[in-house]
Amino acid sequence: MEESRERMAQILAVDVVILPPVEISQPAIDLNISIENASFNLSTRDYLPHITLAMAYINDLSGILGAVEQVAKKSRQFVVTTGNISYGEMDPSWNGGKYGSHWKIEKNADLLNLHRLLVQNINGVNLPPNASQSFIGPEQASPAAAEYVGSFKANSSGENYWPHITLGVGESGLEQSLRKEFVCDEIILAQLGNFCTVRKILGSFKLG
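Residue numbers (this note's numbering): 34 to 241.
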């Protein structure tokens, strides 16, 4: 019981994400491999390719699981469309001054509504003093990654929301349209690692 209470009080860096199917995740993994010194290696087992919907620090895991479940139940399945492969469009400060490569996701009403509801319903906590301890190791999360999670609601949501799949730190060498579609029928709550990578699945929720 004591261990359970301690687990619930632990502050975690979390991300609510869409995990794309293999038709999307495998090209993302291949593009990650093409980046020299990409800082992390995407795979189907760890460092999962993903589309962020909402990030936060939390200290009530069961409460957040319940909140995400309720949003999922109120949301319908929808089509996600990928777009261009881009380099250098995000502020490089959280990557240690290095630009990253990203696979853009086209915005649509269902995606934006799901993002909005999750941001509204996840009650996060302020950036903790030892924020790196809220991430999955073994590597320590950088101060910039820790700050990115803490400032997501203020700086990266709403009009500033930019849906994408992060491919790695560095240039993939492919800047063109890689248009694909899939149906999103599930969202995932995950704990983050450094570079805001998806390292541990905490819960999965079907839409509708």
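Virtual Cβ for every residue (Gly too), placed ideally from N, Cα, C.
Is the segment 175 to 191 touching the segment 53 to 66 in the sense that three or more CB pairs, one from each, lie closer than 8 Å?
-> no
Just how far apart, CA to CA, sit H148 and L86?
-> 5 Å
Within the same chain, show all residues whose beta-carbon is closer than 6 Å to that of Q43, passing over the 5 residues directly before and after it, in chain order.
-> none
Given D93 as reference, the closest of Y80, I66 and V158 once Cα atoms are compared = Answer by Cα proximity: V158.
Closest by CA to I169, which one among L98, K233 and N156?
-> K233
What residue does the beta strand (DSSP E) around L52 start on, and which one ends it?
-> It is not in any beta strand (DSSP E) - L52 carries neither H nor E in the DSSP assignment.
Flag this pair as yes or no: are the beta carbons of L222 and V104 separated by less than 8 Å?
-> no
Could you tell me whether the segment 136 to 150 touches the segment 103 to 119, where touching means 3 or more Cβ pairs closer than 8 Å?
-> Yes: at least three Cβ pairs fall under 8 Å.
From C229 to V216, what distance separates their C-alpha atoms?
-> 24 Å
Please say whether D79 and R109 have beta carbons closer to each other than 8 Å?
-> no
Count the other CB atoms, across all protein chains shown, that sit within 10 Å of the CB of N70; report buried if there are 16 or more and exposed otherwise.
-> exposed
L144, enclosing alpha helix (DSSP H) - first and last residue = A142 to N154 is the extent of the alpha helix (DSSP H) around L144.
So, S190 versus Y90, is the Cβ gap smaller than 8 Å?
-> no
For A177, which of L150, G226 and K213 has the nearest alpha-carbon?
-> A177 has its Cα closest to that of G226, out of L150, G226 and K213.
Start-to-end residues for the beta strand (DSSP E) that takes in Y120 | It spans F111 to Y120 - the beta strand (DSSP E) in which Y120 sits, taken as one unbroken run.
One or two residues paired with H135 in a DSSP bridge | The bridge partners DSSP lists for H135 are S119 and T199.
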